[in-house]
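**Student:** Heads up: the sequence shown runs through residues 1 to 88, numbered per full-length UniProt numbering. Before I ask anything, let me first share the structure, which is written out below as structure tokens.
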Amino acid sequence: MYFLQYTMEIQTVTIRIDTEVLKKIDELITLGIFSSRNEALNTVIRIGLDELKFWREIIRKYEDLKKKRVEVFIDKPLEELLKERDRF
1 MYFLQYTMEI QTVTIRIDTE VLKKIDELIT LGIFSSRNEA LNTVIRIGLD ELKFWREIIR
61 KYEDLKKKRV EVFIDKPLEE LLKERDRF
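Structure (structure tokens):
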């Protein structure tokens with residue numbers, strides 16, 4: 001369960017959303033998990049941003065260990081994430 005705390009300065013934005021993603025958002029509303037697309041999308045975005053913080057911290061720690069020349073064994077998902085990050 002996520003308990004998110006953000007300041008509530010609201011801005012309106014216009015975005016394009018993949019049809020399949022929107023269907024899943026609507027399904028969450030139908031299930032009664034959220035009362036509106038706005039609520040669902042805000043929550044899903046916040047969860048994604050919190051997840052990003054988690055991965056940033058892992059990458060930061062990994063980079064610190066690399067600088068100290070500590071041998072680090074990583075699993076495939078993190079290795080793939082680091083390779084993707086290096087592409088940009």
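Just so it is clear, CB atoms sit at the ideal spot from N, CA and C, and this is done for glycine as well. Keep in mind it's a predicted model, so treat the numbers as computed, not measured.
How do the segment 31-42 and the segment 54-69 stand: do at least 3 beta-carbon pairs fall below 8 Å, yes or no?
**Tutor:** Taking 8 Å as the limit for Cβ pairs, the verdict is that the segment 54-69 does not touch the segment 31-42.
**Student:** Specify the secondary structure class of E57 as computed by DSSP and reduced to three states.
**Tutor:** Helix, per DSSP.
**Student:** Does the beta-carbon of I15 have 16 or more other beta-carbons within 10 angstroms, so that it is buried, or is it exposed?
**Tutor:** Under this definition I15 is an exposed residue.
**Student:** E27 lies in the alpha helix (DSSP H); which residues open and close that run?
**Tutor:** Residues T19 to T30.
**Student:** Considering only the alpha carbon of each residue, which of V44, Q11 and D75 lies closest to V21?
**Tutor:** It is V44 whose Cα lies nearest to the Cα of V21.
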